[in-house]
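Numbering (our numbering), first residue to last: 167 to 478. We treat Cβ as the ideally placed atom computed from N, Cα and C, and that holds for glycine. The next block holds one structure in the form of C-alpha cells; read it before the comments.
This is the structure in C-alpha cells:
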C-alpha cells in the first residue's frame, strides 16, 4: 500500500522591493536639496559680503593695525577723517565724477541701445563690438587709455595734432584729469548698459510705435512718449546702479593719476585706500570713511526704491 508523502507547504517570501517614495517624501527631498543650495549661498554672502560690512562698522570705532589687540577710540576716527584737508576735496571730486558719468555713462548707453534696436543688419556683430570692452580686464582698459592720453605719442594728441587743434595734457592738468577718468569709465562699462537697455526696448509692443507713427509722431516724439515711459523702471534701476558704481570709483584714479594733479582726482574710495595702505595703516580712519560712503549710498538706494514703488 503506497504511503502518501505530504509535501511541505511553500512559504511565500515577503516582497522586499523598495516601495516608491510617497508624495510627502519626494517633497521633503526637494526641499532639503533647495535648502542645501540656499545655505551654501547664504554662507558665501555671510562670509564675503555681510561679515566685511559688520567688520567695517566695528573697525571704524577702533584703532588697530590688524595684528595687535584693537583699542576702542569712539568717534576719533571720524574726527580724523573730517579734519583732513583732502576730505572735502575727495567728496567734491566724487560728486563731480558721478554727475559727469551720469551725463556720459547713463545717457550714451541708452542712445546707443536705441540706435542698435532700430538696425536691421549686423545687429549681432555690433552688439559684440559694443560689449567687447566689458570682457577686457579693467587693468587692460586702463593701461590702454594711459597710452591714449600720453602727451607725446598718445593717440588722442596725435588726432588733435592731425586736425590742427592744440594738444592737451589729459592727465596732468587739473581741468582735464577728471573728465579723462570719466571717458575711461564710460568706455569700460558701456556694453553692460547697452545690453540691459536693448532687452528692455525689445519688450516694448510694436503696436505703440505704429500708433505713434499714424499720429504723425517723429522719432524724437516716439522716444519721449513711447520709449522712455515704457522703460522708466529700467531707467530708474540703472540710474541707481550708475550712482552706486561711480561713487565707488577707484581703479581709474589709482592707475592713471594717483589722485593728482593737486588732488584733482582723489575720490572717497581712493582716500580710503590711502588711509589703510599709505598713511601707516590707519584702518580705523579708512573704515570710518567707508561707513560714511555706505550711509550715503543707502540713502540713494532708499530714494530709488521709493521712486520705483511710486512708479508701480
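Is residue 217 helix, strand or coil by DSSP? Residue state, collapsed to three classes: helix.
For residue 202, does the count of other Cβ atoms within 10 angstroms reach 16, so buried, or fall short, so exposed? So residue 202 counts as exposed.
Going by DSSP, what residue range makes up the alpha helix (DSSP H) through residue 390? Bounds of any alpha helix (DSSP H) do not take in residue 390, whose DSSP letter is neither H nor E.
Counting only runs of 4+ residues fully inside the region 421-450, write out the alpha helix (DSSP H) ranges in chain order. List check, alpha helix (DSSP H) in window: 434-443.
Please classify residue 419 as buried or exposed, where buried requires at least 16 neighbouring CB atoms within 10 angstroms. Residue 419 is buried by the Cβ-count criterion.
With DSSP as the reference, identify every bridge partner of residue 237, one or two as the case may be. Residue 237 has 229 as its beta-bridge partners, per DSSP.
What whole-angstrom Cβ distance do residue 374 and residue 392 have, given they're in contact under 8 angstroms? Taking a contact as a CB-CB distance under 8 angstroms, the pair residue 374 and residue 392 counts as one, their CB atoms being some 5 angstroms apart.
Anyone know if the C-beta pair for residue 299 and residue 336 falls short of 9 angstroms? Residue 299 is not a Cβ neighbour of residue 336, given a cutoff of 9 angstroms.
Does the region 429-444 come within contact of the region 251-259, defined as at least 3 CB pairs closer than 8 angstroms? Touching, yes.
Excluding the 5 residues preceding and the 5 following residue 230 in the sequence, name in chain order all residues of the same chain whose CB lies nearer than 8 angstroms to its CB. Closer than 8 angstroms at the Cβ level, and outside the excluded window around residue 230, lie 236, 237, 449 and 450.
I'd like the list of long-range same chain contacts for residue 388, defined as Cβ closer than 8 angstroms, with 5 residues on each side in sequence excluded. Counting only Cβ-Cβ distances below 8 angstroms, and skipping sequence neighbours, we find 375, 378 and 379.
Cβ-based neighbour list, residue 326, same chain, cut-off 6 angstroms, excluding 5 preceding and 5 following: If the five residues before and after residue 326 are omitted, its C-beta is found closer than 6 angstroms to the C-beta atoms of 333, all from its own chain and listed in chain order.
Does residue 204 pass the burial test, meaning 16 or more other C-beta atoms within 10 Å, or should it be called exposed? Counting C-beta atoms within 10 angstroms of its own C-beta, residue 204 has fewer than 16 neighbours from the protein chains shown and is therefore classed as exposed.
Of the residues 243, 215 and 216, the one placed nearest residue 228, counting alpha carbons only: Among 243, 215 and 216, the Cα nearest to that of residue 228 is on 243.
Would you kindly work out how many angstroms separate the C-alpha atoms of residue 414 and residue 381, rounded to a whole number? Approximately 45 angstroms, taken between the alpha carbons.
Helix, strand or coil, according to DSSP, for residue 452 in the structure here? Reduced to three states, the DSSP call for residue 452 is helix.
Residue 348 and residue 279: beta carbons closer than 9 angstroms? With respect to the 9 angstroms criterion, residue 348 and residue 279 are not classified as neighbours on the basis of their beta carbons.
Buried or exposed for residue 441, please, with buried defined as at least 16 other CB atoms from any protein chain shown within 10 angstroms of its CB. Its Cβ being crowded by 16 or more others within 10 Å, residue 441 is buried.
Can you tell me whether residue 168 is buried or exposed, with buried defined as 16 or more other CB within 10 angstroms of its CB? Caution applies to residue 168, whose pLDDT of 48 falls short of 50 and renders its modelled position unreliable; the model cannot decide the point.
Closest by CA to residue 396, which one among 410, 296 and 369? When only C-alpha atoms are compared, the closest one is 369.
So for residue 371, helix, strand or coil by DSSP? For residue 371, the three-state secondary structure derived from DSSP is coil.
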